[in-house]
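If you read the protein sequences in the order shown, they are chains A and B. Going by our numbering, the residue at position 58 of the first sequence is 58; the numbering climbs one at a time, nothing skipped. Going by our numbering, the residue at position 800 of the second sequence is 10800; the numbering climbs one at a time, nothing skipped. Glycine included, each C-beta is placed from N, C-alpha and C at the ideal position. Note sheet for the following structure.
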Amino acid sequence: MTTILRFCCNDLLRFASVNLDHLTETFNMSFYMTYLARWPDYFQVAEGPGNRVMGYIMGKVEGQGESWHGHVTAVTIAPEYRRQQLAKKLMNLLEEISDKIDKAYFVDLFVRASNTPAIKMYEKLGYVIYRRVLRYYSGEEDGLDMRKALSRDVEKKSMIPLKRPVRPDELEYDSI
Amino acid sequence: MRSPNSKKAKTKRLESIRSGKRTKPGIQYLIAILRLQPGIKQKMASKLGLAGGIPERRVRPIWDAIDSRQFKNALKLTTTLLSKHPHSPYALALKALILERMGKPDEALSVCLNAKELLYKNESLLMDDLTLSTLQIVFQRLDHLELATSCYEHACGKFPNNLELMMGLFNCYVREYSFVKQQQTAIKMYKLVGEERFLLWAVCSIQLQIEPVDGCTGSTVRSGFRFENAAAFLCQTAIRLAWFILVLDGIYSILDCSMEPYTGMVLCGNGGEKLLLLAEGLLKKHVASHGLHEPEALIVYFSILEQQAKYGDALDILGGKLGSLLMIEVDKLRIQGKLLARAGDYAAAANVYQKILELCGDDWEAFLHYLGCLFEDESSWASETINTPINPPKYVECKLTHLTDEVFNSCVENASAFVQKLQAEASNDSLRNPCLAHLEIERRKCLFRKNNDDNLVEALLQYYSRFGHLACFTSDVEAFLQVLPPEKKMEFLDKLMKNSNSLSVVPTRALGQSITLLKTQELIGNMFNLSVAELEGSAVQMAELYCKSLPLSKDLDPQESMHGEELLSIVCNVLVQLFWRTRDLGYFIEAIMVLEFGLTIRRYTFQYKILLLHLYSYFGALPLAYERYKSLDVKNILMETVSHHILPQMLASPLWADLSNLLKDYLKFMDDHFRESADLTFLAYRHRNYSKVIEFVQFKERLQHSNQYLVARVEAPILQLKQGADNIEEEESILESLKCGADFIELSNEIGSKSLTFNEDFQSRPWWTPTTEKNYLLGPFEGISYCPKENLTKEREENVRGFIERKSLLPRMIYLSIQSASVLYKDNSEINDSLADPKISTELKVLLERYAKMLGFSLNDAIDVVVGVSRGLKSYEVFGSDVIDWLNFAVFFNAWSLNSHDSGRQGGERTPGSWHVVNSLLENYILGKLRSMGPLIQSPQGDLPILVKLVTEPLAWHGLVIQACVRTCLPSGKKKKKSGSTDQSISLLSNAVRDAIQSLCSVLEEVAKWSQDQIKSPEDNKIDLLVSSLKRNGGAGKVFNILETLASSPNETELGDRISQALRSWSPVDVGRKIVTGQCRVLSEFWRICESKIKSLKTLKQQIALV
């Protein structure tokens, strides 16, 4: 009983129950609206009966050459709707759009190195830790850059882990 | 997943640009804009190696200095640059930018105007987009959008075929929301280069001129425009007509109508439809010659057709070559289904929705549309309007009355067969859609036949047996339960209870099922039917279950939700109900303890924090409530949807510093959004996401009409006025900054016709206060039905309108009252010679009449009421819940009486009479309240908020009138001609003022003493009082004991380290201490306010003694 739709501005007024969760960041308006204005297909909401927001995913597509990739900026599910594989569904959708429509080589995401439950979930979805980004979060905690190759990357080159960790200023993209 | 808050310098800068923080725009913002316009900067650089006509290498250090916020250095570099290029508008623009960033807006504006003048004057000068966009940024930040626009207009006039400049001009019009001019500019660009995007810019600009009937995807067009008044409308129509004639020759041949009706339609108005026809014509012509290349363009095309009800045309396009632009099959099917249904071809539409469901079996919306098609029910496609409340969630409405039994049965048969097929094919056992679909079919049978309740109950039981363990069970079934009569709801509950003996063997699942049972009981409202003993028993059971389930969460990450967390919220709900019924404060304290206990074990549970903040608010411990609110980290758009939890209580509190921050943050967020929204809209234009253009504009309008925003806009200055009320000079300068309240009068005039939006999310509010206006605990016990929840939007709308209308008169009335008291009244014989400005008296009278009318009376009758109450002829009860407004009225009436020759209708008791009315009203009411109030620690809520309001509003305004009078009477006062009658007036006035000061002082001293007594009473006694209320024999405390027992000897092997440690740190005495401290802080703040007023009055007393 989930309808996945493009996220629209009015959903910002419906997502309180999702965003009050302490792990979900509420960004400023221009952040959300920039994503909506530039990558509307990468910002999707899962709705339950009565237009209740169950969760959402926001992301983008960027890069050049073989680094052309989809990026997951945030994926979050309201407490009520957890443990129903909804995050997986949303991730699969973003992967599909990156793969089929934008013909990207891979999808990547950043996660706190301490967030074991999330890392485990991404691993189950086929993501591997590509590299560690030192002090990525507020200059304190390390981030993990996780990747999953798409069909265009036939040899799955994008997923071969880097041997050494990198600093945030070495990142090719501003991977928020 | 969280994104980083800060990274290294490079990324930080990018971040600030992208996140568009208002604190850091300037050059970064400019660069950001250039980044958003890929190619422009490069193009300029490669073409000329110049920036604004100056070698780039000279400008770069300035950019870098601005980027790193070294404004002084940047200014120095710019001065050097200007010495070499004194007539460079770009160098001046940079200087203006820096000055603005340094907080020198006036200098910045003058430099900007200088640059503008140079641009206009010097024909040979380069008019590049970089210079113009830099100027634009500064003008925008200085709130002079129109100057930026005129620069671009001038430049475009000079270089008519320069695309970059035209885009800049388009952007200016986007910022000004000048849709017609946007349209004209876009058409010019389209004519120039023939690009699809410019055509779509024009089409969007056309769409924005049309007021949609039913939201963004409106189905039919009302011939309305987005113009607020007729004059603007006429002017815009003229422009449109001119433009229309300009392009007409280009498009008339491709339209399916002749020239004659076309021009005729425009001339006779009927604008919306014509505009849509025009947009359609433009698109049609372009498609014929160039096709379309963007999926978003196609979506806009469809919406243009849909708005004209041309569904068939849209379907043809979808089925043709252009349809392949939509690459996601389901998206295409959704559009097809909607168009078919709107066209009335329900059979074909139903087939399409079937296909969608075959592709995504879990798509609930598709299923509802499928049913809508089978039942030929058009209400299924009605969309939202701007003032449809976003929350609460809307339930599916359906029309079935038009169906015969036979048709209905066959529809149900078809639907059931299809659902069964879906169910059989579902590979995933956890798919809820087919089961809910079955429920929905049974629900519709109930609605149609009214005798299908048993089947629905049966279907609900089946749903429970499969999904009863899920946390979302109750919200899933809420809409289905709604159609059942109360006895059937109970029957369902009974059957569920019987099932509870056969819970799952998997512990977490069994726990989920048990919680669902309890939540269902809450949802149905059964908790209100139970006896006190039963309720207590139920709370105890839940607490035991919570303790028993804790080991299940032993190995969970502390950040993860724990199993059984919801139990404590339900326990709290039950305990608050017990308090409501018995008025035993112990239950109330117990509810607080339960939640604090839960937070000791896991500090992140936001549901506990919300409940607690309401409990603390009710208990008069507002600082604690505010602390809990802050820990929710409510920011950005959440301020619009979540701050209702705290804002109303803060507005009635003496915590002025916190309230001021709350209002400031909220207003800043909203105003920043209004300022930057147009830039983001332009971004959507640039990235060719046209549907977002429309969405962004509508969203901004929704927020601008937010009821909460309007309330905050009125409350923020009133707070300032309260804060400054002890010093008349300070108050006068505040009033001056508020244009003496003139803008608020305008708001008050407009509010009646303004559409308001209600964006607050009330879902998370506790049962006892479902909206900001309601708190059941304030009244006697009564049953409440949760299902369906009351829909209070209509009532709220009326309340808010009335509130804003009344409240926004205050600043002006305060201003006029001070004015009125600042001149000496002379009797009728000398009225022509009076120092009073008759306009003040007249205006104040008009406002008093309005105020009285809002209270439901004529001016004379309202005066009779206040006089009657002050003389004890009428009871205070006649004021009802508007007591503050009535007392305000009395205060302003007195101020007006000071200077009005027609206020003497009270039988010669003019001035002294009205003074006496106010003094005695305030004195009797406040002291009466004070005497009826017990200590805060024993009587939650009570009358403290009203007491605070009385002192900080009517009493404060009266204090201002007194201050103004004293100033008038003093020898050093404003211009005075001494004469016999003046002396007499002064002596009359000073006597009245002396009495008033005496009266207010004695009232305030009593209030201050009352506060001080409570503050001083020993803390330990108060804590004992709280904790002992849980340890009495009988009554409250049973749940508390269970939790205490668990905390006193935690089983470490079962619970693990983390939980055991948390349990050991549990201290109910600490909670008690926090409550006591919180209450004391409120009282101290209140005492401080009273003391400050007393001090000010004493000074006045000394001054007036000299007269």
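### Message
I'd like the list of long-range same chain contacts for Leu-10147/B, defined as Cβ closer than 6 Å, with 5 residues on each side in sequence excluded.
### Response
Residue mapping note: residue 10147/B aligns to position 147 of the second sequence, counting from 1. Phe-10139, listed in sequence order.
### Message
Quick check: is the beta carbon of Pro-49/A nearer than 9 Å to any beta carbon in chain B?
### Response
Along the first sequence, read from residue 1 onward, the residue named residue 49/A stands at position 49. So yes, Pro-49/A belongs to the interface.
### Task
Please go through the same chain and pick out, in chain order, the residues whose beta-carbon is closer than 6 Å to the beta-carbon of Ser-10653/B, but skip the five residues on each side of it.
As a first step, residue 10653/B is located in the second sequence; it is residue number 653 there, counting from the start. Taken in chain order, the residues that qualify are Leu-10622.
### Query
Per the contact definition of three or more C-beta pairs closer than 8 Å, is the stretch 11012-11028 of chain B in contact with the stretch 10569-10581 of chain B?
no
### Query
Looking only at C-alpha atoms, which of Pro-11050/B, Phe-10879/B, Met-10854/B sits nearest to Val-10865/B?
Sequence index remark: in the second sequence, residue 10865/B carries index 865 (1-based). Nearest Cα to Val-10865/B within the set Pro-11050/B, Phe-10879/B, Met-10854/B: Phe-10879/B.
### Task
Hey, could you find the ends of the alpha helix (DSSP H) Lys-10188/B is sitting in?
Position 188 of the second sequence, counting from 1, holds the residue named residue 10188/B. From DSSP, the alpha helix (DSSP H) with Lys-10188/B extends over 10179-10193.
### Task
With a floor of 4 residues, list each alpha helix (DSSP H) that falls wholly inside the stretch 10129-10165 of chain B, ordered by position along the chain.
10129-10141, 10145-10158
### Query
How is Glu-10596/B classed by DSSP in three states: helix, strand or coil?
Numbered from 1 along the second sequence, position 596 holds the residue referred to as residue 10596/B. Looking at Glu-10596/B - three-state DSSP - the assignment turns out to be helix.
### Task
Please say whether Pro-11068/B and Met-10593/B have beta carbons closer to each other than 9 Å?
Locating residue 10593/B in the second sequence gives position 593, where the first residue counts as 1. Locating residue 11068/B in the second sequence gives position 1068, where the first residue counts as 1. Their beta carbons are under 9 Å apart, which means Met-10593/B touches Pro-11068/B by this criterion.
### Query
Looking at C-alpha atoms only, which residue of Tyr-10353/B, Asp-10377/B, Lys-10774/B, Val-10961/B is the closest neighbour of His-10614/B?
To locate residue 10614/B, count along the second sequence from 1; it is residue 614. Of all alpha-carbon atoms in Tyr-10353/B, Asp-10377/B, Lys-10774/B, Val-10961/B, the one lying nearest the alpha-carbon of His-10614/B is that of Lys-10774/B.
### Query
Hey, how far is the Cα of Leu-144/A from the Cα of Arg-11064/B?
Residue numbering aside, residue 144/A sits at position 144 when the first sequence is read from its first letter. Residue numbering aside, residue 11064/B sits at position 1064 when the second sequence is read from its first letter. Spanning the two alpha carbons is a distance of roughly 35 Å.
### Assigned exposure category for Ile-10610/B - 16 Cβ within 10 Å defines buried
On the second sequence, residue 10610/B is found 610 positions in, with the first residue counted as 1. Around the beta carbon of Ile-10610/B, 16 or more other beta carbons sit within 10 angstroms, so the residue counts as buried.
### Query
Per DSSP, which one or two residues make a beta bridge with Gly-48/A?
Here residue 48/A refers to the residue found at position 48 of the first sequence. Answer by DSSP bridge pairing, in chain order: Arg-52/A.
### Query
Taking all protein chains shown into account, do 16 or more other C-beta atoms lie within 10 angstroms of the C-beta of Gly-10586/B, making it buried, or fewer, making it exposed?
Against the second sequence, residue 10586/B aligns to sequence position 586. By the neighbour-count criterion, in which 16 or more other beta carbons inside 10 Å mark a residue as buried, Gly-10586/B falls on the buried side.
### Message
Within 8 Å, do at least three Cβ pairs link the stretch 10172-10184 of chain B to the stretch 10149-10158 of chain B?
### Response
yes
### Query
Does DSSP put Lys-60/A in a helix, a strand or coil?
Here residue 60/A corresponds to residue number 60 of the first sequence, with the count starting at 1. DSSP places Lys-60/A in strand when its eight states are reduced to three.
### Query
Per DSSP, Val-107/A forms a beta bridge with which residues?
Indexing the first sequence from 1 puts residue 107/A at position 107. Val-107/A pairs with Gly-70/A, Lys-148/A.
### Stretch pair the stretch 11021-11033 of chain B + the stretch 11095-11107 of chain B: three plus CB contacts closer than 8 Å
no
#### Entry: Amino acids of chain A, ordered along the chain, whose beta-carbon sits closer than 7 Å to that of Leu-10638/B
Position 638 of the second sequence, counted from the start, is the residue given in the question as residue 10638/B. From the beta-carbon of Leu-10638/B, the residues of chain A found nearer than 7 Å are Ala-16, Asn-19, Thr-26.
### Task
Pick out whichever of Ile-11075/B, Leu-11055/B, Ile-10441/B, Phe-10781/B has its Cα sitting closest to the Cα of Met-10562/B.
Counted from its first residue, the second sequence places residue 10562/B at position 562. It is Leu-11055/B whose Cα lies nearest to the Cα of Met-10562/B.
### Three or more C-beta pairs below 8 Å linking the stretch 10329-10340 of chain B and the stretch 10722-10741 of chain B
Three or more beta-carbon pairs separated by less than 8 Å are not found between the stretch 10329-10340 of chain B and the stretch 10722-10741 of chain B, which leaves the two stretches without contact.
### Query
Tell me which same chain residues have a C-beta within less than 6 Å of the C-beta of Lys-157/A, skipping the five on either side of it?
As a working note, residue 157/A is residue 157 in the first sequence. Counting only Cβ-Cβ distances below 6 Å, and skipping sequence neighbours, we find nothing.
### Nearest neighbour of Leu-10518/B, chosen from Val-10532/B, Ala-10533/B, Leu-10496/B [CA to CA]
What you label residue 10518/B is simply residue 518 of the second sequence in a count that begins at 1. Of the listed residues, the one whose Cα sits closest to Leu-10518/B is Leu-10496/B.
### Query
Span of the beta strand (DSSP E) holding Thr-3/A?
Numbered from its first residue, the first sequence carries residue 3/A at position 3. It spans 3-6 - the beta strand (DSSP E) in which Thr-3/A sits, taken as one unbroken run.
#### Entry: For Ile-10304/B, the residue or residues it bridges with in DSSP
Stepping through the second sequence from its first residue, residue 10304/B is reached at position 304. Beta-bridge pairing links Ile-10304/B to no other residue.
#### Entry: Per-residue DSSP class, three states only, for Val-10483/B
Locating residue 10483/B in the second sequence gives position 483, where the first residue counts as 1. If DSSP states are grouped into helix, strand and coil, Val-10483/B belongs with coil.
### Message
Taking 9 Å as the threshold (C-beta atoms), are Tyr-10709/B and Ala-11133/B in contact?
### Response
Nothing can be reported for residue 11133/B, as the shown portion of chain B is limited to 10001 through 11107.
### Message
For Leu-10575/B and Glu-10590/B, which I take to be in contact (beta-carbon distance under 8 Å), what is that distance rounded to the nearest angstrom?
### Response
The sequence position of residue 10575/B within the second sequence is 575, counting from 1. The sequence position of residue 10590/B within the second sequence is 590, counting from 1. With a Cβ gap of about 5 Å, Leu-10575/B and Glu-10590/B count as contacting.
### Task
Give the C-beta separation of Leu-10936/B and Gly-10942/B to the nearest angstrom, bearing in mind that I take them to be a contact with Cβ-Cβ under 8 Å.
Counted from its first residue, the second sequence places residue 10936/B at position 936. Counted from its first residue, the second sequence places residue 10942/B at position 942. With 8 Å as the limit, Leu-10936/B and Gly-10942/B qualify as a contact, their Cβ atoms being about 7 Å apart.
### Message
Contact between the stretch 10955-10972 of chain B and the stretch 10888-10901 of chain B is defined here as three or more beta-carbon pairs at a separation below 8 Å; is this criterion met?
### Response
yes
### Query
Between Asp-153/A and the rest of its own chain, which residues show a CB-CB distance below 6 Å, the 5 nearest in sequence each way excluded?
Walking along the first sequence from the start, residue 153/A turns up at place 153. These residues qualify, in order along the chain: Tyr-105, Phe-106.
### Query
Is the stretch 10622-10639 of chain B close to the stretch 10680-10700 of chain B, with three or more CB pairs under 8 Å?
The stretch 10622-10639 of chain B vs the stretch 10680-10700 of chain B: no contact.
### Query
To the nearest whole angstrom, what separates the beta carbons of Ile-10784/B and Gly-10525/B, a pair I think is in contact under 8 Å?
Start at 1 with the first residue of the second sequence, and residue 10784/B comes out as number 784. Start at 1 with the first residue of the second sequence, and residue 10525/B comes out as number 525. The pair is a contact, with the Cβ atoms about 6 Å apart (cut-off 8 Å).
### Message
Contact criterion: CB-CB distance below 9 Å. Does His-69/A meet it with respect to chain B?
### Response
In the first sequence, residue 69/A corresponds to position 69, counting from 1. When Cβ-Cβ separations below 9 Å define contact, His-69/A makes no contact with chain B.
### Query
Mind pulling the chain A residues with CB within less than 9 Å of His-10369/B?
As a working note, residue 10369/B is residue 369 in the second sequence. Result: empty, since nearest Cβ-Cβ is about 10 Å, beyond 9 Å.
### Message
Just checking: is the beta-carbon of Gln-84/A within a distance shorter than 9 Å of some beta-carbon in chain B?
### Response
Counting from 1 along the first sequence, the entry for residue 84/A is found at position 84. Yes, Gln-84/A lies at the interface with chain B (some Cβ there is under 9 Å from its Cβ).
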